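**Student:**
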Amino acid sequence: MRLAPDNLPAPKQEEWKYTNISKAIPQNLTRADDKEIVIHKNRGQSGGQVEEILFTGRDGMLQAPVLKVVLDEGAELTLIERHTGAGSYWKNTAVEITLGTNARLHHYRIIEDTGVITINTVLSQKQDSFYNGFTLIKGGALVRNETHAALTGKNAECDISGVNLLKGKQHADTTIVITHEAPHCRSSQFFRSVLGDESRGVFQGKIHVRQAAQKTDGYQLSNALLLSDRAEMDTKPELEIYADDVKCSHGATCGQLDDEPLFYLRSRGLTEVEARMLLVQAFVDEAVEKVADEKTQVFVKETASLWLKGVL
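Heads up: the sequence shown runs through residues -16 to 295, numbered per the working numbering.
1. Among the residues of its own chain, which have a CB less than 8 Å from the CB of Arg213, if the five just before and after it don't count?
2. Taking the continuous beta strand (DSSP E) assigned at Ala77, which residues delimit it?
3. Assuming contact is defined by CB atoms lying nearer than 9 Å, are Gly188 and Leu208 in contact in what I supplied?
4. Closer than 6 Å by C-beta to Ile93: which residues in its own chain qualify, once you throw out the five before and the five after it? Chain order, please.
5. Give the secondary structure of Val271 by DSSP, where H, G and I count as helix, E and B as strand, and everything else as coil.
6. Sorry if obvious, but does the Cβ on Arg92 come closer than 8 Å to a heavy atom of the ligand MN?
7. Going along the chain, which residues of its own chain have a beta-carbon closer than 6 Å to the beta-carbon of Asp156, five neighbours each way excluded?
8. What is the DSSP secondary structure of Gly116, counted as helix, strand or coil?
9. Can you give the Cα-Cα distance for Ile4 and Ser288, rounded to whole angstroms?
10. Apply the 10 Å Cβ neighbour rule to Ser107 and answer buried if 16 or more other Cβ atoms are within range, or exposed otherwise.
11. By Cβ distance below 8 Å, which residues in the same chain neighbour Leu12 in space, the five residues on each side in sequence not counted?
12. By a C-beta neighbour count over all protein chains shown, 10 Å radius and 16 as the cutoff for buried, is Leu37 buried or exposed?
13. Can you give the beta carbon distance from Asp55 to Ala86, rounded, assuming they're within the 8 Å contact cut?
14. Between Leu82 and chain D, is there a C-beta pair that is closer than 9 Å?
15. Short of 6 Å in beta carbon distance, which residues of its chain neighbour Phe113, apart from the five on each side in sequence? Order them along the chain.
16. Restricting to Cα atoms, I'd like to know which of Ile22, Thr130, Thr162, Lys121 is closest to Ile102.
17. Within the continuous beta strand (DSSP E) that includes Asp156, where are the two ends?
18. Quick one: using the 10 Å Cβ neighbour count with 16 as the cut-off for buried, is Glu296 buried or exposed?
19. Does the Cβ-Cβ distance between Ile22 and Leu60 come in under 9 Å?
20. Using C-beta distances below 6 Å, list every residue in its chain close to Ala258, excluding the 5 sequence neighbours before and after it, in chain order.
21. Just to confirm, is the Cβ distance from Thr67 to Glu95 under 9 Å?
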């Protein structure tokens, strides 16, 4: 469910303590007509289907689009969701995804906005379904990318990953809650953030394992690279486990480039900028490898390379 404009969360709420949405939203916005897009793939529809959706922010507007994706039993889809725009605005998006038994969804979200972006994704997965989600955050004055996934059928798999490239005074908040409700399910959260100037990143990731969800395999990792002493990264990894036969792990790191590999690359003839570029690109690419769609993977790598040239 998307945010209610007349009842915004406050930083005193635990899940919002790192992100002050009220302060970031521009004043006197004009409410646009809500836009709803529905993608429904019937049972057995598969074979390289690709859908691309574009959400464009408009200056001075409050937009509240809704995207509903339903994949019936055995259906497969690659969904590319792009967010762009120019000016000052608030795009308040709701995404609802339902995966039937044996359904497979590759979902790639590219955020290159200039305004305030809030995206709330609710994902439900039945038995043997597979979800691969990747988000690139490169734009936005403030971005809150929130996902709530429920693995309701056994043997469901949920992989969520992403890259955040932040500079200036950008603020990007990635919040994820994956709830294991059924046994023999697997989930993974893997994020890489690169922060320059006075930007701020937030990662809040939670794995919630209910009592019935025995044999759960849950993994979570957030790595952040600070290119400036003024950049900030807040991380809050969580495990909440009520089953006794599970394998779950979580971790987070935050730091600057290591001097030793920099020195080695400089000794091999690279300039300092070239050496830094190579190391940061390798750091980002490890997360980008999670993207199965070749064209999207190439696009993300090229986008990251251009961004790095502008900040290093």
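From the three backbone atoms N, C-alpha and C, an ideal C-beta is built for every residue, glycine too. No experiment lies behind these values; they were computed from the predicted model shown.
**Tutor:** Once the coordinates are examined:
1. Position 230 of the sequence shown, counted from the first residue, corresponds to residue 213. Asp180, Glu181.
2. Your numbering for residue 77 matches position 94 in the sequence shown. Counting along the chain, the unbroken beta strand (DSSP E) around Ala77 starts and ends at 73 to 82.
3. In the sequence shown, the residue the question calls residue 188 occupies position 205. In the sequence shown, the residue the question calls residue 208 occupies position 225. Using a Cβ distance threshold of 9 Å, Gly188 and Leu208 do not count as a contacting pair.
4. Within the sequence shown, the letter at position 110 stands for residue 93. Excluding sequence neighbours, Ile93 sits near Arg65, Leu119.
5. Counting from one through the sequence shown, the residue named residue 271 turns up at place 288. For Val271, the three-state secondary structure derived from DSSP is helix.
6. As presented, the structure is devoid of all ligands, the ligand MN included, so that no description of it is given.
7. Taking the first residue of the sequence shown as 1, we reach residue 156 at position 173. Hits under 6 Å: Thr2, Arg127, Val185.
8. Here residue 116 refers to the residue found at position 133 of the sequence shown. If DSSP states are grouped into helix, strand and coil, Gly116 belongs with the strands.
9. Sequence index remark: in the sequence shown, residue 4 carries index 21 (1-based). Sequence index remark: in the sequence shown, residue 288 carries index 305 (1-based). If you take the alpha carbons of Ile4 and Ser288, they lie about 30 Å apart.
10. If you number the sequence shown from 1, residue 107 lands on position 124. Classified as buried, Ser107 has 16 or more neighbouring CB atoms from the shown chains inside 10 Å of its CB.
11. Indexing the sequence shown from 1 puts residue 12 at position 29. Contacts found: Gly43, Met44, Leu45, Tyr72, Trp73.
12. Position 54 of the sequence shown, counted from the first residue, corresponds to residue 37. With fewer than 16 other Cβ atoms within 10 Å, it is exposed.
13. Against the sequence shown, residue 55 aligns to sequence position 72. Against the sequence shown, residue 86 aligns to sequence position 103. The Cβ separation is near 7 Å, so the contact holds.
14. The displayed structure is made up of one protein chain only, and chain D is not part of it.
15. Counting from 1 along the sequence shown, the entry for residue 113 is found at position 130. Within the same chain, Phe113 has close Cβ partners Arg87, Glu140.
16. Stepping through the sequence shown from its first residue, residue 102 is reached at position 119. Comparing Cα positions, the closest option is Thr130.
17. In the sequence shown, counting from the first residue as 1, residue 156 sits at position 173. Element bounds for Asp156: 154 to 163.
18. This structure gives no information on residue 296, because the portion of the chain shown stretches from -16 to 295.
19. In the sequence shown, counting from the first residue as 1, residue 22 sits at position 39. In the sequence shown, counting from the first residue as 1, residue 60 sits at position 77. Going by C-beta atoms, Ile22 is nearer than 9 Å to Leu60.
20. Looking up residue 258 in the sequence shown gives position 275. Within its own chain, the residues whose Cβ lies closer than 6 Å to the Cβ of Ala258, once the five positions on either side in sequence are excluded, are Leu245, Leu248, Arg249, listed in chain order.
21. As a first step, residue 67 must be located in the sequence shown, where it is residue number 84. As a first step, residue 95 must be located in the sequence shown, where it is residue number 112. The answer is yes: Cβ separation under 9 Å.
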